[in-house]
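Trainee:
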Amino acid sequence: MSSLARTLLLFFFASTIAACDSSAELEDCVFSDDPGATPGSRRASCPSSVFPSEDRRAREVVGIVRRGEDVVPGAFVRAEPASVFPPGAPSATVATTITNEVGFFGGLRTTPLRYDLSVKLDRAGSPDPDLLVYRGLGWRYVEPSIEGPRTFARAWRSRVDVRLDRAVPAGHSLAFFASGDGVYGVTGDLASGLTVLGRAYAMDATIHVVEFETAGGFEKATAYGTTVVPVDAGTARLATIALQPISHFVESKLTVKAPAGVAPSAIDVRFSFSRTSNALLVSLPLGSSIRMPMIPNAAYTYRVTATAEGVVSDTGERGFDVDVLTEIELPAPPTATSPLEGETRGAGEMLLVDGEGVFEHVLVPQAGGPTMRIITRQREAALPDVAGLGSTPAVGPYTWTVRSYPTARFADELGGLDSRRYRPMSASRSRSIILR
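Under the working numbering, think of the first position of the sequence shown as 2, with each following residue one higher.
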């Protein structure tokens, strides 16, 4: 007998012994289909199943708080059982924490599968904070965020001097852009030099330059050039760029469909080399067309915003194929149903809306107090108890506006960088209400 055969035989023999030993534990076990068994005898005879205790880290919630492009250190974060569930539903305790110097928070290990997340963001020079309240979240990693300017306050700055392969003709101008992993953008000009903004001390930056007729703007772009520069914040670099003529042009093919009573006036078309390095190509009046230059390595987006009697309809910034007819549809605005103008509401009472998608209730004080944003998938939203967030009181007259994001499925999606920028959005007519 070969050694392999002997090994297999020994394995099967040992397995048989092990199986007999384990089955012996169940010899006296009475199964549920035995008519002579009583519940007590089943419990006494059958061994109990043992499961490991739950690891709380499986439910931990972590994330980063942002204001615009910047992270927010020192923000107060509170997680609690979701208010969208009825009283008596399984819940967990309330957990709180503070974001660190890079806006990160963690340690919320008692968070239930569905939870509400509230964030207090202090504002420089004001005692009144911004309050951001998400209802009915489920994701374990979230990035609560509100709109804000792009300051790139924490970016590394690297200097690059540029030389072109030819002179720029009279009546022409240059615009510089930057892209690459961790690259935010670029400032400066040909004469004074460029400053590349980025996430890292050292990185590879792709510099783009577009030449255009000064009087005609970017729709009269005539040449383009690019180069890759290894930059670092401690050393100035020299880059030489060759400009090549732009010879490909496309006739714009954009049509707009708007809700009844909403009349857009123009289509903003942008070209971009990255999420943070882009420019407006043209603001195109409805019903007109232009011959658009095809700038190499650039992506094109459109945005249409329309207002009528206080309501707003906005497509968001949307990419499109410039060679194909693009039909743009503006979203219908939501309707704020309760409270009515001048009515009073307090903490825990409901704001009601009719519409589609995820809703963002924006409440701006008219005479001091915290600015509040409540984000929910439900058509009703409970006003938060601001005292539990360590905020100044939210009392007196407030301006209430409801935004809807019809393509969003969950409240979790309204978080992170540019979470609102690329989504269709519509807003209700603003209403003055009283908070107590």
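Every residue, glycine too, gets a C-beta built ideally from N, C-alpha and C.
Starting from the C-beta of arginine 424, find all residues in its chain whose C-beta is less than 7 Å away, skip the five residues before and the five after it, and write them out in chain order.
Mentor: So the list reads Gly317, Tyr406, Thr408, Ala409, once near-sequence residues are dropped.
Trainee: Given arginine 60, which residues of its chain have a CB within under 6 Å of its CB, disregarding the five upstream and five downstream residues?
Mentor: Taken in chain order, the residues that qualify are Thr112.
Trainee: Should lysine 121 be labelled buried (16 or more other beta-carbon atoms within 10 Å of its own) or exposed?
Mentor: Result: buried.
Trainee: Which of the three DSSP states is assigned to aspartate 355 in this structure?
Mentor: Aspartate 355: strand per DSSP, three-state reduction.
Trainee: If we count the other Cβ atoms within 10 Å of its Cβ and call it buried at 16 or more, is threonine 215 buried or exposed?
Mentor: Looking at its Cβ environment, which holds fewer than 16 other Cβ atoms inside 10 Å, threonine 215 is exposed.
Trainee: Touching or not, the stretch 297-305 and the stretch 271-280, by the rule of three or more beta carbon pairs under 8 Å?
Mentor: Yes, the stretch 297-305 is in contact with the stretch 271-280.
Trainee: Whole beta strand (DSSP E) runs in the stretch 171-248 with 3 or more residues, listed along the chain?
Mentor: Runs found: 173-180, 184-190, 194-199, 203-214, 222-233, 238-242.
Trainee: Below 8 Å CB to CB, which residues in the same chain sit around glycine 349 once its five sequence neighbours on both sides are set aside?
Mentor: Excluding positions up to five away in sequence, the list reads Ala383, Leu384, Asp386.
Trainee: Smallest Cα separation from serine 392: which of Pro130, Gly75, Arg346?
Mentor: Of Pro130, Gly75, Arg346, the residue nearest in Cα terms is Pro130.
Trainee: Does the distance from the CB of valine 230 to the CB of phenylalanine 219 come in under 8 Å?
Mentor: No.
Trainee: Got a sec? Which residues, its chain only, sit under 8 Å from serine 24 by beta carbon, not counting five neighbours each side?
Mentor: Only weak support is given to the placement of serine 24: the predicted model assigns it a pLDDT of 49, under 50, and the value that follows is read from those uncertain coordinates. Cβ neighbours of serine 24 beyond the five flanking positions: none.
Trainee: In chain order, what residues of the same chain have a beta carbon less than 7 Å from the beta carbon of phenylalanine 153, not counting five sequence neighbours either side?
Mentor: The answer, listed in chain order, is Glu70, Tyr185, Leu198.
Trainee: Tell me the DSSP bridge mates of tyrosine 423?
Mentor: According to DSSP, tyrosine 423 bridges with nothing at all.
Trainee: Mind the definition here: the stretch 250-265 touches the stretch 318-335 only if three or more C-beta pairs lie below 8 Å; say whether that holds.
Mentor: Because the criterion of three Cβ pairs below 8 Å is met, the stretch 250-265 and the stretch 318-335 touch.
Trainee: How many Å lie between proline 82 and arginine 136 at the Cα?
Mentor: Distance between the alpha carbons of proline 82 and arginine 136 is about 9 Å.
Trainee: Three-state secondary structure (DSSP) at aspartate 71?
Mentor: Residue state, collapsed to three classes: strand.
Trainee: What residue range does the beta strand (DSSP E) around alanine 261 cover?
Mentor: No beta strand (DSSP E) contains alanine 261, which DSSP labels as neither H nor E.
Trainee: Quick one: what's got a C-beta closer than 8 Å to alanine 234's C-beta in the same chain, skipping five residues either side?
Mentor: Cβ neighbours of alanine 234 beyond the five flanking positions: Trp157, Arg158, Ser159, Tyr202, Ala203.
Trainee: Count the other CB atoms within 10 Å of the CB of threonine 94; is the residue buried (16 or more) or exposed (fewer)?
Mentor: So threonine 94 counts as exposed.
Trainee: For the candidate residues Thr338, Ala368, Gln367, Glu361, whose alpha-carbon lies nearest to that of valine 354?
Mentor: Ranking the options by Cα distance to valine 354, first place goes to Thr338.
Trainee: Report buried or exposed for valine 103, applying the criterion of at least 16 other Cβ atoms within 10 angstroms of its Cβ.
Mentor: Per the 10 Å Cβ criterion, exposed.
Trainee: Is the Cβ-Cβ distance between alanine 206 and glycine 189 less than 8 Å?
Mentor: No, the pair does not count as a contact, with Cβ atoms beyond the cut-off.
Trainee: Could you pull out every unbroken beta strand (DSSP E) segment of at least 3 residues lying fully inside the stretch 333-383, listed in chain order?
Mentor: Listed in chain order, the complete beta strand (DSSP E) runs (minimum 3 residues) inside the stretch 333-383 are 336-339, 351-355, 359-366, 372-377, 381-383.
Trainee: Assuming tyrosine 225 and leucine 244 make a contact with CB atoms under 8 Å, what is their CB distance in whole Å?
Mentor: Between leucine 244 and tyrosine 225 the Cβ distance is about 7 Å, and since that is below 8 Å, they are a contact.
Trainee: Please check the pair glutamine 379 and threonine 400, which I expect to be a contact at CB under 8 Å, by giving their CB distance rounded to whole angstroms.
Mentor: With a Cβ gap of about 22 Å, glutamine 379 and threonine 400 do not count as contacting.
Trainee: Compute the Euclidean distance between the alpha carbons of alanine 240 and serine 193, then round it to the nearest angstrom.
Mentor: Each residue's Cα considered, the two are about 14 Å apart.
Trainee: Sort Phe178, Val359, Arg430, Glu148 by Cα distance to glutamate 342 and report the nearest one.
Mentor: Ranking Phe178, Val359, Arg430, Glu148 by Cα distance to glutamate 342 puts Arg430 first.
Trainee: Would you list the residues sitting across from threonine 400 in a DSSP beta bridge?
Mentor: Looking at the DSSP assignment, threonine 400 forms a beta bridge with Val365, Ser433.
Trainee: Count the other C-beta atoms from every protein chain shown that fall within 10 angstroms of the C-beta of glycine 397, then say buried if there are 16 or more, exposed otherwise.
Mentor: Label assigned to glycine 397: exposed.
Trainee: Between valine 187 and phenylalanine 178, is the Cβ-Cβ spacing less than 8 Å?
Mentor: Cβ distance < 8 Å, so valine 187 and phenylalanine 178 count as in contact.
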